[in-house]
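>
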Amino acid sequence: MAVGLLGTAASGLQAFQRAISVTGHNISNANTEGYTRQRIELGTRPPSFTGQGFIGNGVQVESIERVFDEFVIERLRNTTSSSSQYETLALLSGRVSNLLGDDQAGLGNGLEAFFNAVQALADDPSSIPVRQVLLAEGESLIARFHNLDSQLDSMRDEINGGLSNMVAEINSLSTAIAEANRNIVDATSQGSRAAPNDLLDERDSLINRLSELVSVRTVEQENGATNVFVGFGQSFVTGSLASELRTVPNDFDNRRLDIAVVGAGISTVITDNLTGGQLGATLEFRDRMLDSAQNGLGRIAVTVATEFNRQHTLGMDLDGAAGTDFFSVAAPQVAANLNNTGAASVSASFDAANIDDLSTDDYVLGFDGAAWTLSRVSDGQPVSMTGSGPFFADGLQIDIAGSAAAGDRFLIRPTRSAGAEVSMLLGNPREIAAAAPAPGPAPGDNSNALLLANLQVAQTMENATTSFQGAYGQLVGELGTQTRSAQINADAQGALLAQAQESRDAVSGVNLDEEAANLLRFQQAYQAIAQVISVADSTFQTLLSAVRR
Numbered sequence: 317m318a319v320g321l322l323g324t325a326a327s328g329l330q331a332f333q334r335a336i337s338v339t340g341h342n343i344s345n346a347n348t349e350g351y352t353r354q355r356i357e358l359g360t361r362p363p364s365f366t367g368q369g370f371i372g373n374g375v376q377v378e379s380i381e382r383v384f385d386e387f388v389i390e391r392l393r394n395t396t397s398s399s400s401q402y403e404t405l406a407l408l409s410g411r412v413s414n415l416l417g418d419d420q421a422g423l424g425n426g427l428e429a430f431f432n433a434v435q436a437l438a439d440d441p442s443s444i445p446v447r448q449v450l451l452a453e454g455e456s457l458i459a460r461f462h463n464l465d466s467q468l469d470s471m472r473d474e475i476n477g478g479l480s481n482m483v484a485e486i487n488s489l490s491t492a493i494a495e496a497n498r499n500i501v502d503a504t505s506q507g508s509r510a511a512p513n514d515l516l517d518e519r520d521s522l523i524n525r526l527s528e529l530v531s532v533r534t535v536e537q538e539n540g541a542t543n544v545f546v547g548f549g550q551s552f553v554t555g556s557l558a559s560e561l562r563t564v565p566n567d568f569d570n571r572r573l574d575i576a577v578v579g580a581g582i583s584t585v586i587t588d589n590l591t592g593g594q595l596g597a598t599l600e601f602r603d604r605m606l607d608s609a610q611n612g613l614g615r616i617a618v619t620v621a622t623e624f625n626r627q628h629t630l631g632m633d634l635d636g637a638a639g640t641d642f643f644s645v646a647a648p649q650v651a652a653n654l655n656n657t658g659a660a661s662v663s664a665s666f667d668a669a670n671i672d673d674l675s676t677d678d679y680v681l682g683f684d685g686a687a688w689t690l691s692r693v694s695d696g697q698p699v700s701m702t703g704s705g706p707f708f709a710d711g712l713q714i715d716i717a718g719s720a721a722a723g724d725r726f727l728i729r730p731t732r733s734a735g736a737e738v739s740m741l742l743g744n745p746r747e748i749a750a751a752a753p754a755p756g757p758a759p760g761d762n763s764n765a766l767l768l769a770n771l772q773v774a775q776t777m778e779n780a781t782t783s784f785q786g787a788y789g790q791l792v793g794e795l796g797t798q799t800r801s802a803q804i805n806a807d808a809q810g811a812l813l814a815q816a817q818e819s820r821d822a823v824s825g826v827n828l829d830e831e832a833a834n835l836l837r838f839q840q841a842y843q844a845i846a847q848v849i850s851v852a853d854s855t856f857q858t859l860l861s862a863v864r865r
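Each residue of the sequence shown is one higher than the one before, starting from 317 at the first, in my numbering.
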């Protein structure tokens with residue numbers, strides 16, 4: 317059906333009015349974070365057939381599309397997640413590295429001062445003031461262990477609080493994404509499959525924020541909804557349904573939080589499946605750096621106490637009595653899994669004869685119904701055990717009592733609490749055993765004091781390859797290397813994020829110069845088509861005048 321000249325002109329007015337509206341919308345949102353530039357697509361209306369051929373009927377709005385590149389958006393999300401991960405990791409690991417590496421608060425100076433006092437005792441073994449100084453330096457060394465361990469433990473509490481806050485924010489975002497999906501599906505259905513662009517921008521912004529907290533992968537659905545997966549493919553948002561995350565106590569340690577997803581009233585722990593972003597970085601820092609640092613500090617406390625006690629008990633004090641333990645150190649921590657069904661109990665102690673085999677690892681002792689096996693927590697690799705009960709492995713003696721059921725597991729943390737629990741046993745300077753055993757008191761004998769002083773450089777750690785201070789230096793060095801690596805990665809990912817953001821802005825950002833040109837172009841078109849109406853009116857009035865005659 318022929319539309320006519322006025323209809324053709326009216327279609328142009330309407331189309332260019334909407335084009336101006338779209339351009340104005342772009343300009344208004346030029347500084348709106350997450351806004352995607354929109355573009356109006358125009359097309360010719362179906363022509364009308366006349367005896368002389370087809371005559372056009374004007375223009376129509378085909379669609380109003382967002383200008384975006386899915387690959388660029390995906391790259392932006394991935395780099396956002398990686399950048400956030402390494403920034404968080406560098407920040408947290410830097411705190412531990414700075415703490416243990418500090419010249420004043422670190423352990424290095426404390427060990428140096430303590431063994432200097434032992435050497436001073438060897439130089440003047442009968443001096444009570446020198447002995448008092450040694451006791452004071454021992455107490456100072458213990459205080460350093462306690463202080464460092466306390467600060468590391470405080471960081472562990474901070475991490476628990478941080479995990480809880482991040483889980484709450486992730487849940488809030490997942491709910492918002494699910495609601496955005498619902499709104500998009502409804503709007504798409506009501507709008508005859510037209511895309512609700514501003515709602516899509518809102519959802520993209522929510523997903524980008526989620527990617528700062530955890531790695532994200534999305535799958536677009538035919539109805540306009542987007543399913544969201546986190547970490548190693550854990551389903552998180554499906555259409556308008558959002559899964560809930562929750563922090564739950566670890567099966568071995570209620571102070572250690574795991575992350576679980578709740579579905580159908582059942583909580584499933586997915587801690588190991590979560591990677592990337594602030595959440596992934598926090599979990600990685602706790603498992604790889606904080607645990608290792610606290611275990612490493614505790615290992616030095618255990619080895620110093622064990623080796624010093626061993627040598628001290630071989631000497632004789634000022635009154636001719638045999639030397640006693642100088643330090644006290646706690647036994648390894650052993651925790652049963654909450655799901656154990658057997659009646660077995662496990663205890664562990666340090667194998668003094670092989671204390672140099674002690675590592676910074678934690679272990680899981682498991683029973684398969686026929687035999688006991690030991691594996692490292694860090695990588696799950698098996699650890700060889702000798703003996704048939706008790707068992708011996710990595711400087712530990714493991715004793716088992718009672719009967720276990722298949723599947724029972726026990727967590728063994730040899731050195732986790734040692735830094736906090738090591739203490740001084742001696743308080744009387746006369747009880748320091750500086751002399752070698754001999755009949756009767758020997759006030760001037762420094763034989764055992766010299767052997768005690770030699771422990772400073774003796775290779776008593778890392779399978780008899782390094783000293784106390786060497787092991788501490790390795791611990792600080794490893795933390796420094798990890799921190800530096802995280803910082804390098806953070807800088808690199810930051811640069812990649814900037815590039816990804818620039819790419820996204822180049823494609824989807826609002827260019828005010830371009831929009832100004834579009835505005836002028838559409839305004840001129842609007843004015844031109846208005847002239848068509850004016851001409852149509854003039855023609856019609858001429859026709860009416862001719863008819864009236």
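Where a beta carbon is used, it is the ideal one built from N, C-alpha and C, also for glycine.
#1: When DSSP builds the beta bridges, which residues end up paired with Q354?
#2: For L812, collect the residues of the same chain with a Cβ closer than 8 Å to its Cβ; drop the 5 residues on either side in sequence, then sort them by chain order.
#3: I need the DSSP call for A862, collapsed to helix, strand or coil.
#4: For N543, list the residues DSSP reports as bridge partners.
#5: From the beta carbon of M605, is the nearest beta carbon of chain B less than 8 Å away?
#6: Between which two residues does the beta strand (DSSP E) containing V530 stretch?
#7: Assuming R615 and L674 are in contact, meaning their beta carbons sit under 8 Å apart, how far apart are those beta carbons, in whole angstroms?
#8: Just to confirm, are I748 and L427 a CB contact at a threshold of 8 Å?
#9: Look at G555 and V530 and say whether their C-beta atoms are less than 8 Å apart.
#10: If we ignore side chains and look at the alpha-carbon of each, how far apart do I500 and H341 end up?
#11: Suppose the cutoff is 8 Å on Cβ atoms and the five residues either side in sequence are ignored; what does the same chain contact list for Q376 look like?
#12: Quick one, are the C-beta atoms of V564 and V585 less than 8 Å apart?
#13: In angstroms with no decimal places, state the Cα-to-Cα distance between I714 and L690.
#14: Would you decide whether G705 is buried or exposed? Buried here means 16 or more other CB atoms lie within 10 Å of its CB.
#15: Counting pairs of beta carbons, one from the segment 382 to 395 and one from the segment 815 to 822, are three or more of them closer than 8 Å?
#16: Identify which residue in I493, A751 and D569 has its Cα closest to the Cα of T534.
#17: Find out if the Cβ-Cβ distance for the pair Q610, D710 is shorter than 8 Å.
#18: Among the residues of its own chain, which have a CB less than 7 Å from the CB of L522, if the five just before and after it don't count?
#19: I need the straight-line Cα distance from L405 to R725, nearest angstrom please.
#20: Tell me the rounded alpha-carbon separation between V532 and V823.
#21: Quick check on I575: buried or exposed, where buried means 16 or more other Cβ atoms within 10 Å of its Cβ?
#22: Going by beta carbon distance, what residues of the same chain come within less than 7 Å of Q839, once the five residues before and after it are set aside?
#23: Using the DSSP secondary-structure output, state which residues sit across from V501 in a beta bridge.
#24: Going by beta carbon distance, what residues of the same chain come within less than 8 Å of S480, once the five residues before and after it are set aside?
#25: Which of the three DSSP states, helix, strand or coil, is assigned to S556?
#26: Starting from M777, follow its DSSP beta bridges and name the residues at the other end.
#27: Give every residue of the same chain whose Cβ lies closer than 8 Å to the Cβ of R519, excluding the five residues on either side of it in the sequence, and list them in chain order.
#28: Taking 8 Å as the cut-off, does the segment 803 to 810 touch the segment 361 to 374 (at least 3 CB pairs, one atom from each stretch)?
#29: Taking N487 as the reference, which of L561, S508 and G422 has the closest Cα?
#30: Ordered along the chain, which non-local residues of its own chain (more than five positions away) have a Cβ less than 7 Å from that of T591?
#31: Within this structure, are the beta carbons of I475 and R571 separated by less than 8 Å?
#32: Reducing DSSP to helix, strand and coil, say where G320 ends up.
#33: Considering Cα atoms alone, identify which of N779, G424, F545 and R746 is closest to S443.
#34: Quick check: what's the CA-CA separation for A421 versus N770?
#35: Taking the C-alpha atoms as reference points, what is the distance between F624 and A774?
#36: In this structure, how does DSSP classify S488 when only helix, strand and coil are distinguished?
By the coordinates alone:
#1: R382
#2: T395, S398 and S399
#3: helix
#4: V535
#5: Here chain B cannot be found, since the structure has a single protein chain.
#6: Where V530 is concerned, there is no enclosing beta strand (DSSP E), given that its DSSP letter is neither H nor E.
#7: 6 Å
#8: no
#9: no
#10: 20 Å
#11: S327, A331, L358, G359, T360 and R361
#12: yes
#13: 10 Å
#14: exposed
#15: yes
#16: I493
#17: no
#18: L489, A492, I493 and A496
#19: 31 Å
#20: 22 Å
#21: buried
#22: I336
#23: In the DSSP output, where bridge partners are listed per residue, V501 has none listed.
#24: T563 and L573
#25: coil
#26: T782
#27: I493, A496, N497, I500 and T542
#28: no
#29: L561
#30: S531, G547 and F548
#31: no
#32: helix
#33: R746
#34: 24 Å
#35: 11 Å
#36: helix
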